[in-house]
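Asks: What follows is a structure written as structure tokens; I'll ask about it next.
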Amino acid sequence: MSAANLQLDDNNKMRHFLSIEGLSREHLIRILDTAESFLNLSDRSVKKVPALRGKAVANLFFENSTRTRTTFELAAKRLSADVLNLNIDTSATTKGESLLDTLRNLEAMHVDMFVIRHSESGTAHFFARHAQPGVSIINAGDGQHAHPTQAMLDMFTIRQHKGDFTPLKVAIIGDILHSRVARSQILALNTLGVSEVRVVGPKTLLPIDTRESLGVHVFHDIEEGITDADVIIMLRLQKERMTGALLPSEHEFFQRYGLTESRLKLASPDAIVMHPGPINRGVEMETVVADGKQSVILQQVSYGIAIRMAILSMTMQPRGETS
Ligand code: CP
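In my numbering, the protein residues as written are 9 to 331.
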């Protein structure tokens with residue numbers, strides 16, 4: 009079954025959140041609008057709403073995370089859910105328990121929603137195919153495939169700064185080949201109708217047939233790729249996913265593709281600089297750029313809470329209701 013069929017119910021509502029693929033512009037706008045409605049909550053003395061009171065959310069992170077895991081936890085708590093963070097290193101997974109048995113056992117404890125990160129592409133879809141009626145699955149990053157909540161918080165950040173998506177030129181720079189974030193961002197940007205999506209990087213770090221498969225313009229020269237861009241998204245070198253020698257050295261990568269103050273001057277004067285994190289300073293970008301006035305990197309992290317509140321609240325099913 010395709011991701012689209014799996015994540016939407018018969019009324020075209022989100023049942024799971026697995027991928028940007030198969031979601032319409034209207035779905036994405038609804039997520040952004042819902043997140044916006046949660047934005048002011050962070051400024052209140054009591055940062056809670058009752059939307060998920062009585063519900064249980066389990067964070068299952070089989071791969072390391074700082075931003076995604078903690079913002080999902082905060083998002084679920086701000087929606088008044090009970091939150092369970094399974095420590096994979098001390099769980100029965102280390103004794104050989106299968107993913108399916110882990111799901112079944114936590115479902116037996118009446119967990120309503122699972123937030124899953126795993127190094128294998130397709131793990132969230134596997135959970136969604138096997139979840140009981142009334143249980144929702146959220147993909148928090150699967151292998152090199154998708155990181156849809158990251159893409160949505162990135163779209164939210166862009167909308168907060170730029171308003172309209174349609175005139176924008178967006179340059180995504182670095183290791184596109186191994187990046188689940190880039191894949192999800194490109195789908196979201198094209199669905200939201202930006203003027204141009206550019207990917208910039210060495211041939212060894214771009215998928216084969218990138219232009220056709222992703223619907224983007226390809227640049228191998230950062231200075232060409234960045235010229236007049238309104239939004240610059242830097243990506244981390246995913247060394248843990250690289251097999252073989254795909255680049256000579258980090259130093260050479262920075263020389264050819266690092267975002268420096270002088271290169272940034274080629275972009276639109278009010279361009280914003282983004283990075284999903286974690287940043288490797290001096291590899292993808294200079295510290296002065298990462299911390300500079302055009303950087304919105306920490307705003308991306310803050311907006312992650314509102315976006316994840318939106319996605320949790322929009323996918324939560326009434327217990328026992330089938331779809
Ligand atoms: N952007 C992102 O997914 O960061 P974490 O790996 O820290 O969750």
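Glycine residues also receive a C-beta, built at the ideal position from the N, C-alpha and C atoms.
In the DSSP assignment, the alpha helix (DSSP H) including Leu47 goes from what residue to what residue?
Replies: Counting along the chain, Leu47 falls outside any alpha helix (DSSP H), and DSSP gives it neither H nor E.
Asks: For Ile332 and Met121, which I take to be in contact (beta-carbon distance under 8 Å), what is that distance rounded to the nearest angstrom?
Replies: As displayed, the chain neither begins before 9 nor continues past 331, which places residue 332 out of reach and without an answer.
Asks: Give me the Cβ distance between Met324 and Ser144, rounded to the nearest whole Å; I'm assuming they're in contact under 8 Å.
Replies: With 8 Å as the limit, Met324 and Ser144 qualify as a contact, their Cβ atoms being about 6 Å apart.
Asks: CB-CB under 6 Å to Val189, same chain, minus the five flanking residues each way: which ones, in chain order?
Replies: Here the set comprises His155, Gln158 and Pro284.
Asks: Pick helix, strand or coil for Phe134, following the three-state DSSP scheme.
Replies: Correct three-state label for Phe134: helix.
Asks: Can you grab the Cα-Cα spacing for the pair Val202 / Gly223, in whole Å?
Replies: Whole-angstrom Cα-Cα distance: 12 Å.
Asks: For Val224, which three-state DSSP category applies?
Replies: Note: Val224 maps to coil in three-state DSSP.
Asks: Apart from the five residues on each side of it in sequence, which residues of its chain come closer than 6 Å, Cβ to Cβ, to Met160?
Replies: Taken in chain order, the residues that qualify are Ile39 and Ile315.
Asks: Specify the secondary structure class of Gly149 as computed by DSSP and reduced to three states.
Replies: Strand.
Asks: Step through the CB atoms of chain B and report whether any lies within less than 8 Å of the CB of Glu269.
Replies: Chain labels in this structure do not include chain B; a single protein chain is all it has.
Asks: So what does His126 bridge to, in DSSP terms?
Replies: Looking at the DSSP assignment, His126 forms a beta bridge with Asp150.
Asks: Roughly how many angstroms lie between the CA atoms of Thr42 and Asp90, to the nearest whole one?
Replies: Going by the C-alpha atoms only, they are around 21 Å apart.
Asks: Go through its chain and collect everything with a Cβ distance to Ala84's Cβ below 7 Å, but skip five positions before and after it.
Replies: Counting only Cβ-Cβ distances below 7 Å, and skipping sequence neighbours, we find Leu60, Val65, Val91 and Leu320.
Asks: Is it right to say Leu176 is buried, meaning 16 or more other beta carbons lie within 10 angstroms of its own, or is it exposed?
Replies: Per the 10 Å Cβ criterion, buried.
Asks: Taking buried to mean at least 16 other C-beta atoms within 10 Å of its own C-beta, is Thr102 buried or exposed?
Replies: When all chains shown are included, Thr102 counts as exposed.
Asks: Please report the Cβ distance between Gly149 and Glu71, rounded to the nearest whole angstrom; I am assuming they are in contact, meaning their Cβ atoms lie under 8 Å.
Replies: Contact flag correct, Cβ pair sits at about 7 Å.
Asks: Name the DSSP bridge partner or partners of Lys177?
Replies: Its beta-bridge partners are Glu204.
Asks: Which of the three DSSP states, helix, strand or coil, is assigned to Ser73?
Replies: In this structure, Ser73 counts as coil in the three-state DSSP scheme.
Asks: With a threshold of 8 Å on Cβ separation, who are the neighbours of Val304 within its own chain once the five nearest residues in sequence on each side are excluded?
Replies: Counting only Cβ-Cβ distances below 8 Å, and skipping sequence neighbours, we find Thr165, His169, Ile280, Val281 and Met282.
Asks: Should Ala136 go down as buried or exposed, given a rule of 16 or more other Cβ atoms within 10 Å for buried?
Replies: Buried: at least 16 other Cβ atoms inside 10 Å.
Asks: With DSSP as the reference, label Asp238 as helix, strand or coil.
Replies: If DSSP states are grouped into helix, strand and coil, Asp238 belongs with coil.
Asks: Taking the straight line between their C-alpha atoms, what separation do you get for Arg191 and His153?
Replies: When rounded, the distance between both Cα atoms is 7 Å.
Asks: State yes or no: is the C-beta of Gln158 nearer than 7 Å to some heavy atom of ligand 1?
Replies: Checking the Cβ of Gln158 against ligand 1 gives yes.
Asks: For Ser144, list the residues DSSP reports as bridge partners.
Replies: Per DSSP, Met121.
Asks: Quick one: what's got a C-beta closer than 6 Å to Ala132's C-beta in the same chain, skipping five residues either side?
Replies: Counting only Cβ-Cβ distances below 6 Å, and skipping sequence neighbours, we find Leu26, Ile124, Ile145, Asn147 and Asp150.
Asks: Exposed or buried, what is Asn67 when buried is set at 16 or more other beta-carbons lying within 10 Å of its beta-carbon?
Replies: It counts as buried.
Asks: Taking 7 Å as the cut-off, is the C-beta of Ser53 nearer than that to any heavy atom in ligand 1?
Replies: No; taking the cut-off as 7 Å, the Cβ of Ser53 has no heavy atom of ligand 1 nearer than that.
Asks: Quick one, which of Leu200, Leu185 and Ile180 has its alpha-carbon nearest Thr174's?
Replies: Checked all of Leu200, Leu185 and Ile180; the closest Cα to Thr174 is Leu200.
Asks: Quick test of your reading: Lys55 and Arg86, contact by CB under 8 Å. State the CB separation rounded to the nearest angstrom.
Replies: Confirmed, about 5 Å.
Asks: Take the Cβ of Phe206 as the centre, count every other Cβ of all protein chains shown within 10 Å, and call the residue buried at 16 or more, exposed below.
Replies: The question names Phe, but residue 206 in the sequence shown is Arg. That one is buried.
Asks: Counting along the chain, where does the alpha helix (DSSP H) carrying Leu60 start and finish?
Replies: Per DSSP, Leu60 belongs to no alpha helix (DSSP H) and is neither H nor E.
Asks: When the Cα of Gly266 is compared with those of Glu292, Glu105, Gln246 and His259, which residue comes out closest?
Replies: Ranking Glu292, Glu105, Gln246 and His259 by Cα distance to Gly266 puts Glu292 first.
Asks: Got a sec: does ligand 1 put a non-hydrogen atom nearer than 7 Å to the Cβ of Arg271?
Replies: No, ligand 1 has no heavy atom inside 7 Å of this Cβ.
Asks: Using DSSP with H/G/I as helix, E/B as strand and the rest coil, what is Asn113?
Replies: In the structure shown, Asn113 sits in a helix (DSSP, three-state: H, G or I).
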